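Just so we're aligned, residue 504 is where the sequence shown starts under our numbering, counting upward by one.
By construction, the Cβ of each residue, glycine as well, lies at the ideal position given by its N, Cα and C atoms.
All of these numbers come straight from a predicted model, not from anything done at the bench.
Taking it in order: structure first as structure tokens, then the write-up.
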Amino acid sequence: MSGAPDGGSGPARSPVPPLWAVVAGRVFLAGLKAPVALLLVWLATLLPAVGHRELSDLIAAVIASALLGE
């Protein structure tokens, strides 16, 4: 047969989620990961090779990386 959903011979297809749900999920997960990323970046500034950075620079870097990653 052709594998049509009503034919029963092909795998069942799951419905595609709406775009707003996909975007909301990605933004929510980025918000959960941001504090962990900020903590890790701050801990990296304690290393002598990295040097001291302002907190505002660290926050801007984490926000930019989250936006670019999404």
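When DSSP labels each residue in this structure, what does residue i get in the three-state scheme?
i: S517; result: coil
Please list the terminal residues of the continuous alpha helix (DSSP H) segment that includes residue i.
i: A537; result: L522 to T548
i: G572; result: L558 to G572
Looking at C-alpha atoms only, which residue of the options is the closest neighbour of residue i?
i: V544; options: A515, L570, A527 and S559; result: S559
i: A540; options: G554, A563, V553 and P521; result: A563
i: S568; options: V519, G528, G554 and K536; result: K536
i: I566; options: P551, G528, A515 and G534; result: G534
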